[in-house]
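**Student:** Protein chains in written order, with this note's numbering: chain A, 306 to 645; chain B, 2 to 128.
Here it is, the structure in full.
So, in C-alpha cells, the structure goes:
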C-alpha cells in the first residue's frame, strides 16, 4: 500500500541539497517518489512502507542520507545554527591566524638569496608565496570559494578546473608578458579597488560559511536550482568556464611575489622563458592551494563539517578584514595597522 | 556552561594573548634610524626585504631629501613600493638601489611608505 509522509530534514541549506536528497531517497527500493522543499526544510516521501511507524521510516531513510549530512525526523527540529560548533571553531581559527602571523615574523623571505631568477628559485618563491602574505589574498580566496563550493555540493571537478585554469593562465599570460616585454602592471588605484573587491567577496562568502545570520541569506551567492542540477548530475556543459576563469584571474591578484615574478618574466623577452617562469612559480604555490581546495571538499562530507565551515568562515572573514585594512592603508586613507 | 565551551574560551584567551605578544615583538633589523645630511641634501637609507628596515627614520623637515631604497634579492611585497603622500608607486628591481627624491616642501610631518598590499610599512618623521 502506498503512503505519503512528510519528514523534516536538517542539513539542507542549498538548492543542490534538494536534488541530492530527492535522488538519494528515490534510490531506496520501496520509495516511489520524493519531493524536497528548501523553504520548509521538509521532504514528502511516497512509497510502500509496509505499515511501519513514521519514526521507523525516518530512522531508516536517515541511514541513507546521513553520509551526505542530512537527517530526517518526524518532529520539527528547531533550526540549529550550530552554536556549539563555535566552541571548537573559534580556537582552531585563532590558532591558524596566529600561526599565519608567526610565519610572517619568521622571515621566510630571507630564505631567498641572490638576485637572479632560475626555475628553481621561481618554484621556491612560489612555495614561500603560498604561505606568506599572498596566502591572505590568494589562499583566502581559494579557501572561501572552495569551501563555499563544497558546501553547495560542488565536486572535485570544479576545484580541479580552478587549478588547471590557474596553471594554464600563468603559463600563457607569463608567455605573453615575456613576449611583449611589458607587464599588465596595474596602477595603485586599481590595486586598491581590486583589494577591496576581493575583501568584499571573501567577507560575504565567509559570513555565509558561518551559517548563522539570516540577513545574509540576501547576500548569499547560491547557485540557482537549474545550475545545481547540472553540477550534481555532472553535466558536461556547465560550470567548466567559471572556475577556469577564476583560476586565470588569480594572475592579476595583488600579491607581491606574483608581481615580482611577472616583472622578471617581462625582462626575459621570450615567450617560453616568461611562460615557464610563471608556470613554475604557480606550480610552487600549488601544494598549499590544492590542500586548501581539495581539503575543504573532502571535509565537506565528514560529520564534523559544521566545525570546519565555521572555522573556515572565521578565518576567511579575518583575512577579508586584513586585506581591506591593508588596501585602505595603501590608498593612504588610514595608517597601516599591521606591521609584520 | 559546558566543559568544551570553557576549554574553548581558555584556549581562545591564550591564543589572543599570544597574538598580542607577537604583535609587540619587533621583527629583525633596526627599529629606528636617523637621516644623514651630506652637502645640504638629506639621505634616508632604507633596505627592503621581507619588510622595511629601519621601520622609523627621523629626519629634518624642509630639507631636500633623497630616499634610497636598497634591495637585495627582494621578491616579496616590499619590492612593490607605494608612498601615498608622493603619489609614488614603483616596483623596485630585485637587487639594487632606487633613489627617490623628496623636495623640501614635501618633507613635512610623517611620511608613510608601504608595500602595495599594505602589510609592510615604514615611516619617515620629518621633525
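Note that CB positions come from ideal geometry on N, CA and C, so glycine has one too.
Strictly by DSSP, which residues pair up with residue 614 (chain A)?
**Tutor:** Looking at the DSSP assignment, residue 614 (chain A) forms no beta bridge with any residue, so it has no partner.
**Student:** For residue 583 (chain A) versus residue 478 (chain A), is the C-beta spacing smaller than 9 Å?
**Tutor:** Contact: yes.
**Student:** Which same chain residues end up closer than 6 Å to residue 366 (chain A) when comparing Cβ atoms and leaving out the 5 residues on each side of it in sequence?
**Tutor:** The residues are 377.
**Student:** Within the same chain, show all residues whose beta-carbon is closer than 7 Å to that of residue 636 (chain A), passing over the 5 residues directly before and after it, in chain order.
**Tutor:** Around residue 636 (chain A): 497.
**Student:** Report the residue from A:559, A:400, A:449 and A:352 whose alpha carbon sits nearest the alpha carbon of residue 19 (chain B).
**Tutor:** Minimum Cα distance to residue 19 (chain B) is reached at A:400.
**Student:** What's the C-alpha gap between residue 526 (chain A) and residue 443 (chain A)?
**Tutor:** Summary for residue 526 (chain A): the model assigns pLDDT 49, below 50, so the residue's position carries little reliability, and this model does not support an answer.
**Student:** What does residue 400 (chain A) reach in chain B if we use C-beta pairs closer than 7 Å?
**Tutor:** Those within 7 Å of residue 400 (chain A) in chain B are 16.
**Student:** Note down the Cα distance separating residue 388 (chain A) from residue 322 (chain A), rounded to an integer number of angstroms.
**Tutor:** Distance between the alpha carbons of residue 388 (chain A) and residue 322 (chain A) is about 22 Å.
**Student:** Kindly indicate if chain A contains any beta-carbon less than 9 Å away from that of residue 115 (chain B).
**Tutor:** Taking Cβ atoms only, chain A reaches closer than 9 Å to residue 115 (chain B), which makes this a yes.
**Student:** In the DSSP output, what is residue 339 (chain A) paired with across the bridge?
**Tutor:** Its beta-bridge partners are A:350.
**Student:** Looking at the C-beta of residue 500 (chain A), does it have a partner C-beta in chain B at a distance below 9 Å?
**Tutor:** Yes, residue 500 (chain A) counts as interfacial toward chain B.
**Student:** By the criterion of Cβ-Cβ separation under 9 Å, what are the contact partners of residue 5 (chain B) in chain A?
**Tutor:** What residue 5 (chain B) touches in chain A: 389, 392 and 393.
**Student:** If you measure from the beta carbon of residue 564 (chain A) to each beta carbon in chain B, is any gap under 9 Å?
**Tutor:** Output row for residue 564 (chain A): interface = yes.
**Student:** On the three-state DSSP scale, how would you describe residue 60 (chain B)?
**Tutor:** If DSSP states are grouped into helix, strand and coil, residue 60 (chain B) belongs with the strands.
**Student:** Is the CB-CB distance between residue 58 (chain B) and residue 45 (chain B) below 9 Å?
**Tutor:** Closer than 9 Å, so yes.
**Student:** In the DSSP assignment, what residue or residues form a beta bridge with residue 329 (chain A)?
**Tutor:** Answer by DSSP bridge pairing: none, since residue 329 (chain A) is not bridged.
**Student:** Candidates B:82, B:69 and B:104: which alpha carbon is nearest residue 561 (chain A)'s?
**Tutor:** If we check each option's Cα against that of residue 561 (chain A), B:82 comes out closest.
**Student:** With DSSP collapsed to three states, give me the class of residue 110 (chain B).
**Tutor:** Residue 110 (chain B): strand per DSSP, three-state reduction.
**Student:** Under 9 Å, do residue 409 (chain A) and residue 602 (chain A) count as touching if we go by C-beta distance?
**Tutor:** No, they are not a contact pair.
**Student:** Could you give the distance in angstroms between the alpha-carbon of residue 101 (chain B) and the alpha-carbon of residue 614 (chain A)?
**Tutor:** For residue 101 (chain B) and residue 614 (chain A), the distance between alpha carbons rounds to 47 Å.
**Student:** What would DSSP say about residue 640 (chain A), mapped onto helix, strand or coil?
**Tutor:** In this structure, residue 640 (chain A) counts as coil in the three-state DSSP scheme.
**Student:** Any residues in the stretch 612–635 of chain A with a beta carbon nearer than 9 Å to a beta carbon of chain B? Which ones, in chain order?
**Tutor:** Those would be 627, 628, 630, 631, 632, 633, 634 and 635, in chain order.
**Student:** Quick check: is the beta carbon of residue 34 (chain B) nearer than 9 Å to any beta carbon in chain A?
**Tutor:** For residue 34 (chain B), the answer is no, since every Cβ of chain A falls outside 9 Å of its Cβ.
**Student:** Chain B partners of residue 483 (chain A), CB-CB under 9 Å?
**Tutor:** What residue 483 (chain A) touches in chain B: nothing, since even the nearest Cβ is about 16 Å away.
**Student:** Compile a chain-ordered list of the residues in the stretch 549–573 of chain A whose CB is closer than 8 Å to at least one CB of chain B.
**Tutor:** Flagged, chain order: 559, 560, 561, 562, 564, 565, 566, 568 and 569.
**Student:** Just the Cα atoms here: how many angstroms apart are residue 530 (chain A) and residue 320 (chain A)?
**Tutor:** Model confidence at residue 530 (chain A) stands at a pLDDT of 46, short of 50, so the residue's coordinates are unreliable; what they give is reported in the following sentence. Spanning the two alpha carbons is a distance of roughly 5 Å.
**Student:** Are the C-beta of residue 493 (chain A) and some C-beta of chain B separated by less than 9 Å?
**Tutor:** For residue 493 (chain A), the answer is yes, since a Cβ of chain B falls inside 9 Å of its Cβ.
**Student:** Check whether chain B comes within 9 Å of residue 406 (chain A), counting only Cβ atoms and requiring the distance to be less than that.
**Tutor:** Yes, contact with chain B.
**Student:** Answer yes or no: does any C-beta atom of chain A fall closer than 9 Å to that of residue 118 (chain B)?
**Tutor:** At least one chain A Cβ lies under 9 Å of residue 118 (chain B).
**Student:** Would you kindly check if the distance between the Cβ of residue 62 (chain B) and the Cβ of residue 72 (chain B) is under 9 Å?
**Tutor:** No; because the gap between Cβ atoms is not below 9 Å, this pair is not in contact.
**Student:** Of all Cβ atoms in chain A, is any one closer than 9 Å to the Cβ of residue 86 (chain B)?
**Tutor:** So yes, residue 86 (chain B) belongs to the interface.
**Student:** Keeping to the same chain, check which residues put their C-beta closer than 8 Å to that of residue 403 (chain A); ignore five residues upstream and five downstream.
**Tutor:** Excluding positions up to five away in sequence, the list is empty.
**Student:** Only counting the same chain, and skipping five residues up and downstream in sequence, which positions put a Cβ closer than 8 Å to that of residue 317 (chain A)?
**Tutor:** Result list for residue 317 (chain A): 323, 326, 341, 343, 346 and 375, in chain order.
**Student:** Is residue 506 (chain A) close to chain B, meaning its C-beta is less than 9 Å from at least one C-beta of that chain?
**Tutor:** So, not an interface residue.
**Student:** Please state the DSSP three-state secondary structure of residue 313 (chain A).
**Tutor:** If DSSP states are grouped into helix, strand and coil, residue 313 (chain A) belongs with the strands.
**Student:** Taking DSSP's pairing of strands, which residues face residue 97 (chain B) in a bridge?
**Tutor:** In the DSSP output, where bridge partners are listed per residue, residue 97 (chain B) has B:72.
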